[in-house]
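What follows is a short report on a single structure.
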Amino acid sequence: MPNQIIFRADASVEIGTGHIMRCLTLAQALQQQGHHVQFICRQLPGNLIQWLQDEKQMPVHPLPPDINLQTDADLTQAFLKDQSVDWVVVDHYALDATWESVVKAATQNLMAIDDLANRSHEVDVMLNQNLMEKGPAAYQGWVPDTCQVLCGPQYALLRPVFASYRKPLPQKSAPPSHLLMSFGGSDPTGESLKAIQAVGPLTAEGITLETIVGLTNPRAQEINAMATQYANIHCYDYVDNMAQKMATAHLFIGAGGTTSWERCCLGLPSVILSLADNQTEICQSLHHVGAAHYLGVAHQTSAHDIQAAVMTYMNDPSALITMSNAASALVDGQGCSRVIQVMREIEQSNHKEGLTV
Numbered sequence: 002m003p004n005q006i007i008f009r010a011d012a013s014v015e016i017g018t019g020h021i022m023r024c025l026t027l028a029q030a031l032q033q034q035g036h037h038v039q040f041i042c043r044q045l046p047g048n049l050i051q052w053l054q055d056e057k058q059m060p061v062h063p064l065p066p067d068i069n070l071q072t073d074a075d076l077t078q079a080f081l082k083d084q085s086v087d088w089v090v091v092d093h094y095a096l097d098a099t100w101e102s103v104v105k106a107a108t109q110n111l112m113a114i115d116d117l118a119n120r121s122h123e124v125d126v127m128l129n130q131n132l133m134e135k136g137p138a139a140y141q142g143w144v145p146d147t148c149q150v151l152c153g154p155q156y157a158l159l160r161p162v163f164a165s166y167r168k169p170l171p172q173k174s175a176p177p178s179h180l181l182m183s184f185g186g187s188d189p190t191g192e193s194l195k196a197i198q199a200v201g202p203l204t205a206e207g208i209t210l211e212t213i214v215g216l217t218n219p220r221a222q223e224i225n226a227m228a229t230q231y232a233n234i235h236c237y238d239y240v241d242n243m244a245q246k247m248a249t250a251h252l253f254i255g256a257g258g259t260t261s262w263e264r265c266c267l268g269l270p271s272v273i274l275s276l277a278d279n280q281t282e283i284c285q286s287l288h289h290v291g292a293a294h295y296l297g298v299a300h301q302t303s304a305h306d307i308q309a310a311v312m313t314y315m316n317d318p319s320a321l322i323t324m325s326n327a328a329s330a331l332v333d334g335q336g337c338s339r340v341i342q343v344m345r346e347i348e349q350s351n352h353k354e355g356l357t358v
């Protein structure tokens, strides 16, 4: 019998789109196996509710934008009580054990997706797909003893298309000529403008730059106007074929958020900035293992810094192969299957009908 899985996540100009996007990946994987999925999202400025409904055919139950944690929990629980729910998956930095304890009464199982390991949770599964020095021990004291903690990029939630584009990595180096840039769905700090200033002059030397502006980017018009000053810069609000874009790019410039694992899966070398506190540890860990070139936090990084990094690899393209190999070794693209397998095993251990992997 198909299961009912509810996802609680938000997108906004301030929050960005990463939480929704990684939940969508897991939701689609479950949907493809015949399970019923729905989203619960607040109607914040820059939300993706209409996009989820129209473009991804995902049912969405909207919540008011200005509600506190307790009201959020009460409204979510009230919605869940009207149906038989097997799993709730919550991906939200503002929600913790207080919210989860209320919602848990209306679902069989509860999973949290997190990057921070900085607050208490009342969940059956904790998923953190980032490189973590402490691993599952980082959640000791934050989750119940019975909670199954899944840590590391082997659990990275990637769409199947990324695994399909994995290929043997090049062994011969050539200067990067095709660059790909993205600072997330909203680019809250305006880094796209900075990066175009950096790369624009290099287009005269044969560099081509593809820029993913973002669905909720408030500076989209300004970015597009700046890009028109250069013949070889092409802008897109959103692309459905990001895996193909990454597979054909030589170097990526952008944020060190959740798409880092997509780039790693395809062995795409990256020059990255941290746009928010939750991205800094990801950026630092990737830099530490040689899987990316981390320039620093965005507000301390200049267009000159970005340009200098790109020119480093134009002058020493062999370094791109080293970075590509390090990145590819981290992620194989099978994270969704591993997470769903854990969900199924938990249901089996509770003597309930499990998910089918």
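Our numbering numbers the first residue of the sequence shown as 2 and each following residue consecutively.
For every residue, glycine included, the Cβ atom is placed at its ideal position computed from N, Cα and C.
Residue i, enclosing beta strand (DSSP E) - first and last residue
i, result
"Pro63", "61-64"
"Tyr295", "294-298"
"Gln92", "Just to set this straight, residue 92 is Asp in the shown sequence, not Gln. Run containing Asp92: 88-92, per the beta strand (DSSP E) assignment."
"Ala256", "252-256"
Opening and closing residue of the alpha helix (DSSP H) in which residue i lies
i, result
"Arg120", "Run containing Arg120: none; DSSP gives neither H nor E here."
"Gln78", "70-82"
"Tyr314", "304-316"
"Ile347", "336-350"
"Glu15", "Looking at the DSSP string, Glu15 is not in any alpha helix (DSSP H), and its letter there is neither H nor E."
"Asn48", "Taken as a continuous stretch (DSSP letters only), Asn48 belongs to no alpha helix (DSSP H), as it is neither H nor E."
"Lys246", "243-249"
"Pro161", "161-165"
"Val104", "98-104"
"Lys168", "No alpha helix (DSSP H) holds Lys168; DSSP gives it neither H nor E."
"Arg264", "261-266"
"Gln222", "221-228"
"Val144", "Run containing Val144: none; DSSP gives neither H nor E here."
"Glu192", "192-200"
"Ala320", "319-329"
Residue i - partner residues in DSSP beta bridges
i, result
"Leu210", "Leu180, Ile234"
"Gln5", "His37"
"Asn129", "Cys152"
"Leu274", "Ala256, Gly297"
"Leu111", "Val89"
"Ala10", "Asp92"
"Cys284", "Paired residue(s): none; Cys284 is not in a bridge."
"Arg43", "Leu64"
CB-CB length for residue i against residue j, believed under 8 Å
i, j, result
"Leu269", "Ala328", "7 Å"
"Leu151", "Val340", "7 Å"
"Gln109", "Trp88", "7 Å"
"Ile224", "Val214", "5 Å"
"Met133", "Asp115", "Actually they do not touch by this definition, with Cβ atoms about 11 Å apart."
"Gly255", "Ile273", "6 Å"
"Val86", "Ile21", "No, Val86 and Ile21 are not in contact; Cβ-Cβ is about 19 Å, not under 8 Å."
"Thr212", "Met182", "5 Å"
"Asp125", "Val103", "With a Cβ gap of about 15 Å, Asp125 and Val103 do not count as contacting."
"Thr217", "Val14", "6 Å"
"Ala30", "Cys337", "4 Å"
"Gly258", "Gly35", "That pair is no contact at about 31 Å."
"Leu359", "Val90", "Outside the displayed span of the chain (2 to 358) sits residue 359, for which this structure offers no information."
"Arg167", "Leu267", "6 Å"
"Arg9", "Thr77", "6 Å"
"Asp238", "Ala221", "7 Å"
Check your understanding: Between the region 47-55 and the region 284-291, do three or more beta carbon pairs fall short of 8 Å?
Key -> Because the criterion of three Cβ pairs below 8 Å is not met, the region 47-55 and the region 284-291 do not touch.
Point to revise | At least three beta-carbon pairs within less than 8 Å, the region 194-206 to the region 127-147 | key: no
Exercise for review: Evaluate contact between the region 190-198 and the region 155-165, counting only Cβ atoms and requiring at least three cross-stretch pairs below 8 Å.
Suggested key: no
Exercise for review: Assess, as a yes-or-no matter, whether the region 89-109 is touched by the region 60-68 under the definition of 3 or more beta carbon pairs within less than 8 Å.
Suggested key: Segments in contact, no.
**Study point:** Segment contact flag, the region 293-303 with the region 274-282, C-beta cutoff 8 Å, min 3 pairs
**Key:** yes
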